[in-house]
Structure formats: C-alpha cells, structure tokens
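Okay, so here's the structure we're looking at.
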Amino acid sequence: MKSPPRIRVIGSINLDIVARVPTLPRPGETVSGGVLAHYPGGKGANQALAARKLGAEVSMFGCVGKDGASEQALALLKSNQVDLQGVTSLNDVATGVALIAVDAKGENQIVVAPGANAAVSASTLADLRGVYDTTLCQLELPIETIAYLADTVTGLLCINLAPAQPLPKRILDRADILVVNETEAAFYGDQLHGSKALIIQTLGAAGAVAFQNGKEIARSGSPAVVPVDTTGAGDTFVGAFMVAFLSEGSVAKALTYACAAGAAATLTAGAQTSMPSRDQVEALLGATA
Ligand code: RIB
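Sequential numbering of the sequence shown, starting at 11, is according to the working numbering.
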C-alpha cells in the first residue's frame with residue numbers, strides 16, 4: 011500500500027471569535043442579534059487539519075502565545091494527531107485571533123490580529139526537523155519569512171496566496187504550486203501566468219480551474235450545496251488538493267476532490283470544526299456538477 015503523503019505546513023494559528031449575524035455590517039453600521047462562538051482557525055492550521063483529516067501525515071510549524079487561546083487554537087490539531095513539535099510558544103505575545111462575522115447565507119467578513127503569527131521567523135523555524143517532500147504555506151506570516159522559506163526549503167513548495175499582498179518576485183518564481191481565489195487571481199494578474207508554477211484558481215460555487223504556462227489544463231465543477239458557513243472552505247480546498255494531488259498525481263482528479271471537500275466544509279459552522287472526513291468528501295463527489 012502506498013504510504014500517506016507527508017506535508018509540512020508552515021503558517022498561521024488563530025483562535026476564531028465568530029458572531030453569527032443576520033446580515034454583515036456595512037462600514038459604520040452596527041448589526042445586533044449576533045450569536046457568539048469560538049473555533050480553532052488560522053489559514054495554516056486549517057489547511058494542516060484538512061490535509062490530516064483526509065489522510066496525510068502532517069507537521070505544523072508556527073507560533074502561539076502562552077495563553078488560554080493557544081490551547082483552544084491547537085485543540086483539534088492535537089486531537090487529530092497533527093505533529094506540533096514545530097509550534098513554538100512565545101512569552102509576551104498573544105495567540106493570533108480572527109474576528110469573524112458570518113451572515114445567514116454563510117458569507118463572512120474576517121479581521122485578523124496576527125499576534126504570535128507575526129513572530130514566525132527564520133529563528134523560530136530554525137529546527138525544521140524531519141524529511142519533508144512537500145511544504146505548504148500561506149501569506150498570514152511575515153513576508154520576509156515566506157521569502158526565507160522560498161529560499162530555503164527543498165522539495166515541492168505550494169503557496170496559497172491568501173491574503174493577497176505584494177510579494178518579491180522570487181517567491182512566485184520558487185513556488186511549484188500557487189493556489190488563489192478569484193480576488194487573489196485579480197490582485198496578482200499577469201504575475202501569476204508569468205510563473206512556471208501550476209496555478210490553481212478556485213471559483214467559489216463554480217468549482218476550480220488549473221493553469222500551467224498560461225494555459226488551462228483542467229477544470230472541475232463543484233457539488234451544489236446550501237452553505238451554512240463558508241469560513242475555512244478555501245483552506246479545506248487547499249489541504250484536500252494537496253492530499254489528492256500527492257496521492258494520485260492527477261491535477262484533474264485532485265481538483266474534483268478538492269471542490270467536493272471545499273463544498274463539504276461549508277455545511278457546518280466554524281473553520282476547523284467543518285473540515286470533512288474522507289467519507290464526507292466521497293459522499294459529495296457523486297454530486298459534482
Ligand atoms: O481562511 C479562514 C481563516 O482565515 C480563519 O480561520 C481565520 O483565522 C483567518 O485566518
């Protein structure tokens with residue numbers, strides 16, 4: 011039997027403080043009637059858990075504060091046996107927090123206070139233990155740290171360009187796989203298609219498309235679902251894409267699998283609380299448009 015993919019995720023770890031509200035506030039507006047919940051989150055930790063739940067061996071690298079929030083933020087990674095030896099607890103800094111509003115249609119607004127995530131650096135990552143063929147990161151760490159990773163890690167490097175922000179060209183040049191949503195694709199524009207990387211672009215409910223050397227090479231629809239909460243759906247897509255791609259080597263199949271996983275993640279409230287099992291993804295695969 012083929013051994014499971016081993017993925018090193020270097021990224022953010024947050025506690026998500028979520029208010030479920032009838033409608034999202036406009037600038038200057040106060041919306042009342044919210045229902046509050048706390049969930050583990052952070053794009054890095056979310057992608058780590060998604061990949062782990064779908065069968066990968068995952069090691070998480072990042073930083074948290076020495077506070078109560080860190081225990082909540084790491085709880086699901088721990089209980090799902092994500093290796094946390096690469097997570098450093100720092101004094102005098104708070105665990106990252108995301109303030110999230112989710113409306114009745116499952117759409118969200120997110121404000122992040124990075125806290126300890128902003129301290130992830132070459133020195134906190136000095137001990138990149140173990141042999142990893144694959145590294146996955148996002149843009150919720152300092153850009154100098156992402157640049158350091160681009161210069162340092164060997165093997166396959168996948169970068170989810172979220173949230174979009176200006177990057178040194180060498181980061182895009184080093185990546186083997188770049189994952190973007192529609193907003194991020196518009197932000198990076200021609201820079202993306204000038205890159206030699208495999209570009210994976212999600213299209214929300216319409217599925218996802220893959221490009222190589224500026225040409226479309228695969229496309230998938232997504233199962234039709236009625237979303238409860240879209241928070242973490244993009245992260246689930248990324249984790250699922252990597253597991254399926256590393257397991258089978260087919261971009262087309264991995265897109266379809268990741269679209270089903272992303273759709274499954276919208277059916278439950280919260281980021282990490284919504285990450286699907288393999289059975290849940292399989293169940294939705296049959297319904298892909
Ligand atoms: O992608 C969703 C995530 O973005 C949330 O879990 C929040 O923590 C922010 O990092």
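Yeah, the Cβ is synthetic: ideal placement off N, Cα and C, and Gly gets one too. Predicted model only: the values in this text are computed from it and were never measured.
Check                                                                                                                                                      : Outcome
Taking 6 angstroms as the limit, tell me which residues put their C-beta closer than that to any heavy atom of ligand 1, in chain order.                   : Ser22, Asn24, Asp26, Gly51, Gly52, Lys53, Asn56, Ala108, Ile120, Val122, Glu150, Thr241, Gly242, Gly244, Asp245, Ala281
Give the DSSP-derived three-state secondary structure of Met252 in the structure shown.                                                                    : helix
Verify whether the separation of the beta carbon atoms of Gly328 and Ala243 is less than 8 angstroms.                                                      : This structure gives no information on residue 328, because the portion of the chain shown stretches from 11 to 299.
Please return the same chain residues whose Cβ sits closer than 8 angstroms to the Cβ of Leu265, not counting the five positions on each side in sequence. : Ile210, Gly217, Ala218, Val219, Ala220, Ala228, Arg229, Ser230, Phe251
For Ala274, report the span of its alpha helix (DSSP H) as first-last.                                                                                     : 261 to 275
Distance, Cα to Cα, Gln57 vs Ala47?                                                                                                                        : 21 angstroms
Output the distance between the C-alpha atoms of Cys147 and Ile181, rounded to the nearest integer angstrom.                                               : 11 angstroms
Could you check which residue in Arg184, Ala207, Ala111 has the C-alpha nearest to that of Gly280?                                                         : Ala111
As a quick exercise: from Lys179, Arg184, Gln175, Asp186, pick the residue whose alpha carbon is nearest that of Ala196.                                   : Gln175
Measure from the alpha carbon of Val121 to the alpha carbon of each residue in Cys168, Pro173, Gln201, then state which is nearest.                        : Pro173
What separation, rounded to the nearest whole angstrom, lies between the Cα atoms of Ile169 and Glu192?                                                    : 15 angstroms
Provide the residue span of the alpha helix (DSSP H) that contains Arg288, from first to last.                                                             : 288 to 295
Let me know if Pro15 comes out buried or exposed under the rule of 16 or more other beta-carbons within 10 Å of its beta-carbon.                           : buried
For a test of the three-state rule: what should DSSP assign to Glu258, helix, strand or coil?                                                              : helix
Ligand 2 and Gln175: does the residue's C-beta get closer than 7 angstroms to at least one heavy atom of that ligand?                                      : Looking at this structure, you won't find ligand 2 anywhere; what it does contain is ligand 1.
Three or more beta-carbon pairs under 8 angstroms between the segment 29 to 48 and the segment 90 to 97, yes or no?                                        : no
Which runs of the beta strand (DSSP E) at least 3 residues long sit entirely within the segment 35 to 63? Give them in chain order.                        : 45 to 51
Less than 8 angstroms between the beta carbons of Gly78 and Gly52, yes or no?                                                                              : no
Could you give the residue range of the alpha helix (DSSP H) that holds Glu150?                                                                            : That residue, Glu150, is in no alpha helix (DSSP H); it is neither H nor E in DSSP.
Taking contact to mean at least 3 C-beta pairs separated by less than 8 angstroms, is the segment 66 to 73 in contact with the segment 155 to 169?         : no
As a quick exercise: from Ile153, Gly259, Gln201, Gly214, pick the residue whose alpha carbon is nearest that of Thr246.                                   : Gly214
Buried or exposed, going by whether 16 or more other CB atoms sit within 10 Å of the CB of Ala275?                                                         : buried
Since Gly78 is in the alpha helix (DSSP H), which residue starts that stretch and which ends it?                                                           : 78 to 89
Run through DSSP, which three-state label would Asn223 get?                                                                                                : coil
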